[in-house]
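Enquirer: Please read through the structure below; I'll follow up with questions.
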Amino acid sequence: MTSDVVTFGKEKIAFQISEDCLYLNIYTPADLTKKSRLPVMVWIHGGGLMVGRASDYDGLALSAYENVVVVTIQYRLGIWGFFR
Numbered sequence: 026m027t028s029d030v031v032t033f034g035k036e037k038i039a040f041q042i043s044e045d046c047l048y049l050n051i052y053t054p055a056d057l058t059k060k061s062r063l064p065v066m067v068w069i070h071g072g073g074l075m076v077g078r079a080s081d082y083d084g085l086a087l088s089a090y091e092n093v094v095v096v097t098i099q100y101r102l103g104i105w106g107f108f109r
């Protein structure tokens with residue numbers, strides 16, 4: 026089966042762009058209290074300042090099983106990134 030633009034017509038594709046890309050993901054153990062003194066592991070994704078994202082790493086399991094606070098950082102990439 027082949028697709029044909031004449032048969033299906035033009036489709037409107039929703040494309041949204043946002044500059045909301047600077048954030049932290051913070052994972053903590055469920056039994057965390059104000060008196061807890063836990064180590065903090067900060068993960069900064071690689072990618073040569075061109076590719077990558079903080080959501081590639083899920084710190085949920087590490088924080089739950091190893092009793093550590095995990096922080097992943099999302100930052101700007103490419104021409105909007107580090108050297109801007």
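Reminder that position 83 of the sequence shown reads as 108 in our numbering, one-by-one numbering, no gaps.
Glycine included, each C-beta is placed from N, C-alpha and C at the ideal position.
1) For glycine 72, collect the residues of the same chain with a Cβ closer than 8 angstroms to its Cβ; drop the 5 residues on either side in sequence, then sort them by chain order.
2) Select from Ala55, Arg78 and Pro64 the residue whose C-alpha is nearest the C-alpha of valine 93.
3) In whole angstroms, what is the alpha-carbon distance linking aspartate 83 and glutamate 36?
4) What's the C-alpha gap between alanine 89 and threonine 58?
5) Going by beta carbon distance, what residues of the same chain come within less than 7 angstroms of threonine 53, once the five residues before and after it are set aside?
Expert: Looking at the atomic coordinates:
1) Against the sequence shown, residue 72 aligns to sequence position 47. Closer than 8 angstroms at Cβ, skipping near neighbours: Leu102.
2) Mapped onto the sequence shown, residue 93 falls at position 68. The residue with the shortest Cα to Cα distance from valine 93 is Pro64.
3) For the purposes of this step, residue 83 is taken as the residue at position 58 of the sequence shown. For the purposes of this step, residue 36 is taken as the residue at position 11 of the sequence shown. Spanning the two alpha carbons is a distance of roughly 35 angstroms.
4) The residue given as residue 89 occupies position 64 in the sequence shown. The residue given as residue 58 occupies position 33 in the sequence shown. The alpha-carbon atoms of alanine 89 and threonine 58 are separated by roughly 14 angstroms.
5) The residue labelled residue 53 in the question sits at position 28 within the sequence shown. Same-chain partners within the cutoff: Ser88 and Val94.
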